[in-house]
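Take my numbering: the last position of the sequence shown gets the number 162, and nothing is skipped along the way. Read through the structure below, which is laid out as structure tokens, and then see the notes.
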Amino acid sequence: MSGRQIQVVPYDPQWVVTFAQEQQRLLACIGSNALRIDHIGSTSVPGLIAKPVIDMLVEVTDLDALDQSTPALQALGYEARGEYGIPGRRYFCKGGAQRTHHLHAYARGDNHLLRHRRFRDYLIAHPKVMAEYAQVKHAAVLQSNGRSSLYQALKEDFIARHEALSLAWHGS
């Protein structure tokens, strides 16, 4: 993963269409275990620069049942990565080194579901914060020389601060 090169590109309205198409494939694959599939991450925020990778959040009734869907997800091109550093998550990626999709799955009620959704909604509702995040992302790409792990680390403080603000904002 750390060898993967990161680049950000201008917002593309096609990302919404790409998400909707993949959402239908995932629903057919996961079935009634999928309670909800959301478009998250920077490609879900109109106007925000982003890595051209569609991030999706799947809320399931049962992670064990989702694990049983792994062969079907692999048939769609997804690579299963297990929890991948976050207990209670199932993480899948698609596209190999030229990543096209990330799939983050959690059981109903997991706090990470709320965190991802609120951060997205907060950025959409606060254009000035979204613009600041775009600057942070652009600077992180330059400072990291496109290295994935360093790019992520350079964004951590901004994300942590604004995730906390997004939870407070939504509660108000």
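Each residue gets a CB set at the ideal place from its N, CA and C atoms; glycine is no exception.
- With a contact defined as Cβ atoms closer than 8 Å, Y123 and F148 qualify at about 6 Å.
- Excluding sequence positions up to five before and after S59, its CB lies within less than 8 Å of the CB of C19, I20, G21 and N23, all in the same chain and listed in chain order.
- Taken in chain order, the unbroken stretches of alpha helix (DSSP H) that lie wholly in the segment -8 to 35 and span 4 residues or more are 4 to 20.
- Within a 10 Å sphere around the beta-carbon of I76 sit fewer than 16 other beta-carbons, which makes this residue exposed.
- For L93, the enclosing beta strand (DSSP E) begins and ends at H91 to A97.
- A straight-line Cα-Cα distance of about 32 Å links I39 and L53.
- S34 and H152 have their alpha carbons spaced roughly 16 Å apart.
- According to DSSP, residue pairing for E122 in a beta bridge does not occur.
- If you draw a straight line from the Cα of G85 to the Cα of R71, it is about 13 Å long.
- The Cβ atoms of V131 and I(-4) sit closer than 9 Å to each other.
- Contact annotation: H106 and G31 have beta-carbon atoms nearer than 9 Å.
- Here D45 is bridged, per DSSP, to I30 and H92.
- In summary, E73 is exposed, with fewer than 16 beta-carbon neighbours lying within 10 Å of its beta-carbon over all protein chains present.
- Here the segment 134 to 143 lies against the segment -6 to 12, with 3 or more beta-carbon pairs under 8 Å apart.
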